[in-house]
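Protein chains in written order, with this note's numbering: chain A, 299 to 628; chain B, 313 to 448.
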Amino acid sequence: MKELGKRVLAGDIRAASRLIRNLEDQIPNTHVAIQEIFANTGNSHVIGITGAPGAGKSTLTDELIAAYRSQEKTVGVLAVDPTSPFTGGALLGDRIRMLRHAEDKGVFVRSLATRGAMGGISKAVGEGIHVMDVLGKDKIIVETVGVGQQEVEIINHAHTVIVVLVPGMGDEIQALKAGLMEIADIFIINKADRDGAGKLYKETMNMVQMSRDKYGITKGWQTPVLLVESVLEPHKFAESVTKLRDKIDEHYQFLVDHDLIADRLRRKTTAEINEALWGAILAPILEELENSGEMATMIGKSSNKEVDPYTLADEVAQKYLKERPRASEA
Amino acid sequence: MKNRNVRILLAKTGLDSHDRGVRLLARTLRDSGMEVIYTGLYRTEEEVAQTAVQEDVDIVGLSMHTGAHNRAFPRLRELLDSQNAGDILVIGGGVIPEKDRQELVDAGAATAIFGPGTSTSKIVEWINKVMAARKE
């Protein structure tokens, strides 16, 4: 698979998927392909969908794809599911909700496993977005793993973040907590036909009205709270999701009108540079420590309380980072 | 292939709702460290092929209990080949007579077909062996 970047630029799905795979597998020199496509990125609207496991993210994504396809917009989906911490295996099951689009050439769905990443997405998501972007997808939907309170890394990659809530997850204190509840550009109360939906709606609205300016992140945008009814009534469900689609596009237009796209781009770029630095500096050092057995020695020393982890880290930094002064001298 | 995780698509096509076997296999392969994608029921070969290409899997495992195997396997193989995905292997399982299994493999429609009673560990072993032998 040579010249992946060029083939992706030419619209080759096989090459695009392989490129994402190479990024996931951290195959050496994959960044060459990213260099080739990088200048052509930045045209798609990236939508993040996040929420607890079983909240209905995949099913909403499926309907949202349909809503965009009815406008003849092309859609890319990156659907993330968890990797087992024990075996490294994964069951990537989001796609099963979206199979009615499986023959549609205007829809490209790619499942990703987290592979140990902690923020609710996988490390390859950032570049995966670039790949879908270069393929010319109008909308790119990133579906996170089922998240708890703290996995909010999606904000570094999406223009519009949708947080999906369902009734029955806790009392009003939950709505006051930091983390997940702060990141939404749009809230969805899914399965709104269930008991407790009205109460959840009120609590969420209260919370939203208290944080009107979103800490300057999206100045002036009033985060809407949308009720989405049971998928078992397909007509009502589709109608709710059409409203959601229009809200999402309204949000994007808001970002454009208020010069906030650059803001989000800066956030994404910061995350990407951090990631790239990690790959360029820390990853090779870790690999060397692992291969030389030094890591095992350090773990041994630290486990039996001989040396603390900070001293060990400082010694490693001394060895590899020439310009760095000793922590004790700084 | 150093670092490569094995990715596999498990699929059922046509009017076949016997999915206990394929679900057990999905779990087993997951527990063997592979990334498993399952299509669910009632898919077409076209959908399976496009999914395999989009997901860049190494292998498609087709489960069949309806007797449609002599049509489904060659069709899937042909669709993958026509989408520049000749390197994606097709394997099979389910209720398929031994004679047909051999003929499908001989004709190149499948690389291997595992009959009823095959232990899951044998399938895992086969996949690991074949994947270890592949380069890039």
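We put the beta carbon where it would ideally sit given N, CA and C, even for glycine.
Check	Outcome
Against chain A, does B/V436 count as a neighbour if the rule is that its beta carbon must be under 8 Å from one of theirs?	no
Please go through the same chain and pick out, in chain order, the residues whose beta-carbon is closer than 8 Å to the beta-carbon of A/T568, but skip the five residues on each side of it.	N454
Would B/D368 pass as an interface residue toward chain A - the criterion being a Cβ-Cβ separation below 8 Å?	yes
Count the other CB atoms, across all protein chains shown, that sit within 10 Å of the CB of B/R332; report buried if there are 16 or more and exposed otherwise.	exposed
If you draw a straight line from the alpha carbon of A/N488 to that of A/A422, how long is it in whole angstroms?	28 Å
Can you give me, in chain order, the residues of the stretch 394-409 of chain A that have a beta carbon less than 7 Å from any beta carbon in chain B?	I394, L397, A400, E401, F406, V407, R408, S409
On a Cα-Cα basis, can you pick out the residue from A/T328, A/H399, A/E361 that is closest to B/E358?	A/H399
Look at the alpha carbon of A/G386 and the alpha carbon of A/E480, and state the distance between them as a whole number of angstroms.	31 Å
Comparing the C-beta of A/L390 with each C-beta of chain B, is any distance below 8 Å?	yes
Pull up the distance between the alpha-carbon of A/Q616 and that of A/I571, whole angstroms please.	23 Å
Chain B partners of A/T359, CB-CB under 9 Å?	The premise fails here: A/T359 is roughly 15 Å from chain B at the closest Cβ pair, so nothing lies under 9 Å.
Roughly how many angstroms separate the alpha carbons of A/A628 and A/P607, rounded to a whole number?	Unreliable placement is indicated for A/A628, whose pLDDT of 47 sits below 50; the coordinate value is still reported in the next sentence. Taking the straight line joining both Cα atoms gives about 18 Å.
What do you get for A/R395, buried or exposed, if any count of 16 or more other CB atoms within 10 angstroms of its CB means buried?	buried
Beta strand (DSSP E) containing B/L374: first to last residue?	371-376
Please report how far the alpha carbon of A/S538 lies from the alpha carbon of A/L525, in whole angstroms.	7 Å
Less than 8 Å between the C-beta atoms of A/T348 and A/G417, yes or no?	no
Could you check which residue in A/V523, A/A388, A/K371 has the C-alpha nearest to that of A/D379?	A/A388
For A/T357, I'd like the list of residues in its chain whose CB is within less than 6 Å of its CB, leaving aside the five on either flank, ordered along the chain.	R395, V529
Could you name the residues of the same chain whose beta carbon sits closer than 7 Å to that of B/T378, not counting the 5 residues immediately before and after it, in chain order?	G326, L327, D328
Identify whether B/A323 lies in helix, strand or coil by the three-state DSSP scheme.	strand
Is DSSP giving A/A377 helix, strand or coil here?	strand
Any contact between the stretch 310-322 of chain A and the stretch 420-437 of chain A? By contact I mean 3 or more CB pairs, one from each, below 8 Å.	yes
Assign B/L397 to one of two classes, buried (16 or more other C-beta atoms within 10 Å of its C-beta) or exposed (fewer than that).	Note that residue 397 of chain B corresponds to Ala in the displayed sequence, not to Leu. Buried: at least 16 other Cβ atoms inside 10 Å.
Just tell me which of A/A364, A/A456, A/D555 has its CA closest to the CA of A/I518.	Residue identity check: residue 518 of chain A is Gly in the sequence provided, not Ile. Ranking A/A364, A/A456, A/D555 by Cα distance to A/G518 puts A/D555 first.
Are there 16 or more other CB atoms within 10 angstroms of the CB of A/R564, so buried, or fewer, so exposed?	exposed
Report whether the distance from the Cβ of A/D310 to the nearest heavy atom of the ligand NAD is below 7 Å.	The ligand NAD is absent from the structure shown, which contains no ligand whatsoever.
In chain B, what lies closer than 7 Å to A/A411 by C-beta?	E347
Given that a residue counts as buried once 16 or more other Cβ atoms are within 10 Å of its Cβ, and exposed if not, what is A/Q507?	exposed
Starting from A/E322, trace the beta strand (DSSP E) both ways and give me its first and last residue.	First-last for A/E322: 311-323, but that is the alpha helix (DSSP H), not the beta strand (DSSP E).
Are B/F385 and B/A422 close, meaning C-beta to C-beta below 8 Å?	yes
Would you call the CB atoms of A/T381 and A/T339 closer than 8 Å?	no
Rounding to the nearest angstrom, what Cα-Cα distance links B/K324 and A/D402 in this structure?	19 Å
Nearest-angstrom Cα distance between B/H381 and A/P351?	36 Å
Closer than 8 Å, CB to CB, is A/T385 near chain B or not?	yes
DSSP on A/F384, reduced to helix/strand/coil?	coil
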